[in-house]
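Participant: Can you keep this structure in mind? I'll have questions shortly.
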């Protein structure tokens, strides 16, 4: 509003009648010439404070020229980044109106800082997201069981479970997205991909070429009282989602239920317990990268207080054992004996008169006490050792070198989902709303990803 708001109650309502006649210049369109005023009513007398106003509070907003707006909308629909869009529009306007003026008495020829909001809102409205609507309202309109109105049929086809967060009936929002099925599965949880307090758990399958294909996504909101969004989940919730995932994939042409032969996760016990509950015969492996990272972090902690050279010596010695256990030794007895020998070596070192050797031994023993939890139990040792990869290869009938032992493909996908895949759809780097994220991921990001995968 260009004038200061002084509380004036003036308003005017006009009802008019128009006729509809064909436009002689443009076939298929109509003109609506004015015929008569049907009603004029309102409050016509301004207040004294309003009559006293003689100068505008700020300049009135001048709308974009229709041609400028049409071209800008075209570029926004093509996911042109905002800085590039502004540059292209300035070049185009200077060619169209070479006098160098930013506009005339009727229209503006150059994009202003506030025009981008209007452009993005217009395109969002075209995709089915009205301006004055919340993410919760839109998701419910698209995914509810009755009277749903999805902007794309892909939403209905891909979303197999939806639960709105209705306080106090439900604790959290839930959504399951399914796209395909495979036999070797990666599972991981991520967050920070949209503006909502929502976590995303991704199931990824590996195809015959070893390429990762995201086949299932579970979105769930943190509970109202949760402080750490990324930690607000448990085994029960993971089991709950995994059940929907298995049920949605159903059976194959022979009537066989979907089964996972090999699954790889990080060190999260909730994810592993959920998989073990629904896929009893699956070989569950630990991601060797996350496992080695956990060892490294604890070793750094244990070696605090030693000099750089002393730390390097201990790391080299322990690193030889850890590398052998992670990549070479495939029998539990040999692995356990290697650990016992390492403990005995550092016990002897602790009895030396050399103070440096004693300090090194003390730090090494701290780490070995921590590492005992990885090798004490044979079943747990199996998940991160070469023995697990060997059994997984036998189950799938493939060479051992074709068994993926890391979640790198999934971590890469999570990174692309937050960055590369979504960058064209982000506005000045801001995270999208949950409803916009769901819509664009299902209708554009995933189809583009699978199209590129087929081309490769």
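In the working numbering, the protein residues as written are 337 to 792.
Where a beta carbon is used, it is the ideal one built from N, C-alpha and C, also for glycine.
1) DSSP three-state label for residue 541, please.
2) Do residue 557 and residue 503 come within 7 Å of each other at the CB atom, strictly closer than that value?
3) Return the CA-CA distance between residue 662 and residue 629, expressed in angstroms with no decimal places.
4) Tell me the DSSP secondary structure of residue 498 in three-state form.
5) Rounded to the nearest angstrom, what separates residue 513 and residue 605 at their Cα positions?
6) Compute the beta-carbon to beta-carbon distance between residue 625 and residue 458, rounded to the nearest angstrom, for a pair I have assumed lies under 8 Å.
7) Considering only residues of the same chain and omitting the five flanking positions on each side of residue 623, which have a CB-CB separation below 6 Å?
8) Start and end of the alpha helix (DSSP H) containing residue 672?
9) Going by C-alpha to C-alpha distance, which of 554, 545, 528 sits closest to residue 537?
10) Would you say the segment 643-650 touches the segment 694-713, given that touching needs at least three Cβ pairs under 8 Å?
11) My output table needs one value for residue 517: the three-state DSSP class, helix, strand or coil.
12) Leaving aside the five residues before and after residue 609 along the sequence, list all residues of the same chain whose C-beta is less than 8 Å from its C-beta, in chain order.
13) So, at 6 Å on beta carbons, what are the nonlocal neighbours of residue 364 in its own chain, with the 5 sequence-adjacent residues on each side left out?
14) Measuring alpha carbon to alpha carbon, tell me which of 424, 638, 525, 417 ends up nearest residue 753.
15) Exposed or buried, residue 421, counting other C-beta atoms within 10 Å across all chains shown (16 or more means buried)?
16) Rounded to whole angstroms, what is the Cα-Cα separation between residue 375 and residue 487?
17) Quick one: give me the first and last residue of the beta strand (DSSP E) that residue 348 is part of.
18) So, is residue 656 buried or exposed, given that buried needs 16 or more other C-beta atoms within 10 angstroms?
19) Do you know offhand how far residue 751's Cα is from residue 759's?
20) Hey, could you find the ends of the beta strand (DSSP E) residue 599 is sitting in?
21) Please state whether the Cβ-Cβ distance between residue 453 and residue 479 is less than 7 Å.
22) Buried or exposed: residue 380, going by 16 or more other Cβ atoms within 10 Å of its Cβ?
23) What residue does the alpha helix (DSSP H) around residue 788 start on, and which one ends it?
24) Quick one: residues in its chain with C-beta nearer than 7 Å to the C-beta of residue 358, no 5 flanking neighbours on either side, listed in chain order?
25) Kindly indicate which three-state DSSP category residue 387 falls into: helix, strand or coil?
26) Compute the Euclidean distance between the alpha carbons of residue 417 and residue 425, then round it to the nearest angstrom.
27) Going along the chain, which unbroken runs of the alpha helix (DSSP H) with 4 or more residues stay wholly within the segment 695-744?
28) I'd like to know whether the C-beta atoms of residue 686 and residue 726 end up nearer to each other than 7 Å.
29) What's the call for residue 676, buried or exposed, on a 16-neighbour Cβ count within 10 Å?
30) Given this structure, state the Cα-to-Cα distance separating residue 387 from residue 562, to the nearest angstrom.
31) Give the straight-line distance between the Cα atoms of residue 543 and residue 740, rounded to the nearest whole angstrom.
32) Tell me whether the beta-carbon of residue 507 lies closer than 7 Å to the beta-carbon of residue 499.
33) So what does residue 306 bridge to, in DSSP terms?
34) Count the C-beta pairs between the segment 462-482 and the segment 774-781 that are closer than 8 Å, then say yes if the count reaches three, no if not.
35) Quick one: grab the DSSP three-state call for residue 444.
36) Hey, out of 438, 546, 644, 658, whose CA is closest to residue 745's CA?
Facilitator: So, to answer that:
1) strand
2) no
3) 12 Å
4) strand
5) 23 Å
6) Not quite, the Cβ-Cβ distance comes to about 44 Å (not below 8 Å), so this is no contact.
7) 600, 602, 742, 743
8) 668-685
9) 554
10) yes
11) At residue 517 the pLDDT is 45, less than 50, meaning the model places this residue with poor confidence and gives no usable figure here.
12) 571, 574, 575
13) none
14) 525
15) buried
16) 39 Å
17) 347-354
18) exposed
19) 11 Å
20) 598-601
21) no
22) exposed
23) 782-791
24) 366
25) helix
26) 12 Å
27) 714-720, 722-732
28) no
29) exposed
30) 54 Å
31) 11 Å
32) no
33) Here the chain comprises residues numbered 337 to 792, so residue 306 is not present and cannot be evaluated.
34) yes
35) strand
36) 546
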